[in-house]
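Student: What follows is a structure written as structure tokens; I'll ask about it next.
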Amino acid sequence: MASKPLQTRHVLPILAERGLRASRESLAEMSDLLGLRARDIKANWSQRRWQPTEVDLMVLGFELRRHWNLDPELFLELVEQGPECAERIVEHLRETLDSFVGKLDAVRQEGRAEAPPAAQAASTAA
167 MASKPLQTRH VLPILAERGL RASRESLAEM SDLLGLRARD IKANWSQRRW
217 QPTEVDLMVL GFELRRHWNL DPELFLELVE QGPECAERIV EHLRETLDSF
267 VGKLDAVRQE GRAEAPPAAQ AASTAA
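Structure (structure tokens):
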């Protein structure tokens, strides 16, 4: 049995329940970025409607935007290239984090940086 399509007025509270703030415009933008066909072709002004799985996808899109600050162009690449693009993003993040940690260790070894107070307290408690 097919699920009933959800309109904007249904989707915004779903996003809010997950701690995501979105306007009607940002919801429409995310829908477009993800390539979802949420409107009837008959009229440009018609109400957008999404299937529950599409809403779940948009929730993940908003979470990616919030937590990782992904650019709209990157969403388009993810939609077009799928797993290959995701792997490039993860690899780039891994390389950047490794570089950051390496440089932080080098600065600490030079005596130019200290561990944050929370890390110092944890190491003395251990």
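If you count by our numbering, then the sequence shown holds residues 167 to 292, one letter each, in order. Glycine residues also receive a C-beta, built at the ideal position from the N, C-alpha and C atoms.
Is Q275 helix, strand or coil by DSSP?
Tutor: helix
Student: I need the straight-line Cα distance from G270 to Q173, nearest angstrom please.
Tutor: Note that residue 270 is Leu in the sequence shown, not Gly. C-alpha separation (whole angstroms): 48 Å.
Student: Could you name the residues that DSSP lists as bridge partners for W173?
Tutor: Position check: residue 173 holds Gln in this sequence, whereas Trp was assumed. BP columns for Q173 point to R215.
Student: Given a cut-off of 9 Å, decide if V273 and V221 are closer than it, judged by their beta-carbon atoms.
Tutor: no
Student: What is the DSSP secondary structure of R205, counted as helix, strand or coil?
Tutor: coil
Student: What does the alpha-carbon distance come out to for the pair E261 and W234?
Tutor: 15 Å
Student: Put G185 into one of helix, strand or coil per three-state DSSP.
Tutor: coil
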